[in-house]
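In this note's numbering, the protein residues as written are 1 to 219.
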């Protein structure tokens, strides 16, 4: 229940934790990372069309490519978004001031081309290129208009607070909803699996905060 994105988020957290040296070494080569991420995205698409009757393999495919029935955010499917955010966030001080605008314009133009040519349909499970470009464009529009949001900082204080503590609000709402749903709502998933995934994500969040704090302190 409301945990479909946790495996992907947990996996991305682990990638950052386990490959810090590699990331630092090659993070200034964004083209290599982005190209590799799109190769992985294509691999995810190929996995979706892999037909099998083995439930274990189906679950594996759902985890890495995404699945409507299991409601999983595919790790490979969202890799381009993860890499674009990681590379831009790490290098934005080295880029020109308008790098965010250029990235936004590029994504919007690509979104327009894909929409007009109907190259892909609107699919969420797993995410189509159209779906990913729409989400990326919207997010970048919000980011590059940060000066506008700063002017309305007082009005947005509650939203800012929730955004800065989003994960904790998420855990809190789960602590309220899961017991209620177990009593009054029919379940389509094992309760222990949902709770276990939440704890895994909590532990991962603590670990990344711990390692980032150590890294910042050492520098």
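Note that beta-carbon positions come from the ideal geometry of N, C-alpha and C, so glycine has one too.
Being a predicted model, the structure only gives us computed values, none of them experimental.
Looking at the C-beta of residue i, does it have a partner C-beta in chain C at a distance below 8 Å?
{"i": "residue 126", "result": "Going by chain labels, chain C is absent from the structure shown, which holds only one protein chain."}
Leaving out five residues before and five after residue i in sequence, what residues of the same chain have Cβ atoms less than 7 Å from its Cβ?
{"i": "residue 123", "result": "131"}
Looking only at its chain, what residues have a beta carbon closer than 8 Å to the beta carbon of residue i, apart from the 5 residues adjacent to it on each side?
{"i": "residue 11", "result": "75"}
{"i": "residue 202", "result": "171"}
{"i": "residue 200", "result": "6, 10"}
{"i": "residue 27", "result": "33, 86, 87, 90, 91"}
Here's the rule: buried if 16 or more other CB atoms are within 10 angstroms of the residue's CB, otherwise exposed. What is residue i?
{"i": "residue 126", "result": "buried"}
{"i": "residue 169", "result": "exposed"}
{"i": "residue 84", "result": "buried"}
{"i": "residue 50", "result": "exposed"}
{"i": "residue 68", "result": "exposed"}
{"i": "residue 47", "result": "buried"}
{"i": "residue 89", "result": "exposed"}
{"i": "residue 57", "result": "exposed"}
{"i": "residue 65", "result": "buried"}
{"i": "residue 42", "result": "exposed"}
{"i": "residue 61", "result": "buried"}
On a Cα-Cα basis, can you pick out the residue from the options that is closest to residue i?
{"i": "residue 82", "options": "156, 40, 183", "result": "40"}
{"i": "residue 112", "options": "16, 89, 134, 145", "result": "134"}
{"i": "residue 145", "options": "173, 181, 42, 104", "result": "104"}
{"i": "residue 20", "options": "55, 56, 87, 66", "result": "87"}
{"i": "residue 44", "options": "63, 204, 207, 173", "result": "63"}
Can the beta-carbon of residue i be found closer than 8 Å to that of residue j?
{"i": "residue 121", "j": "residue 80", "result": "no"}
{"i": "residue 167", "j": "residue 73", "result": "no"}
{"i": "residue 8", "j": "residue 78", "result": "yes"}
{"i": "residue 101", "j": "residue 114", "result": "no"}
{"i": "residue 34", "j": "residue 208", "result": "no"}
{"i": "residue 17", "j": "residue 211", "result": "yes"}
Take residue i and list the residues in its own chain whose beta-carbon comes closer than 6 Å to its own, dropping the five residues that flank it on each side.
{"i": "residue 214", "result": "none"}
Self-check item: Inter-stretch contact (C-beta, 8 Å, three-pair minimum) for the stretch 154 to 168 and the stretch 134 to 141
Solution: no
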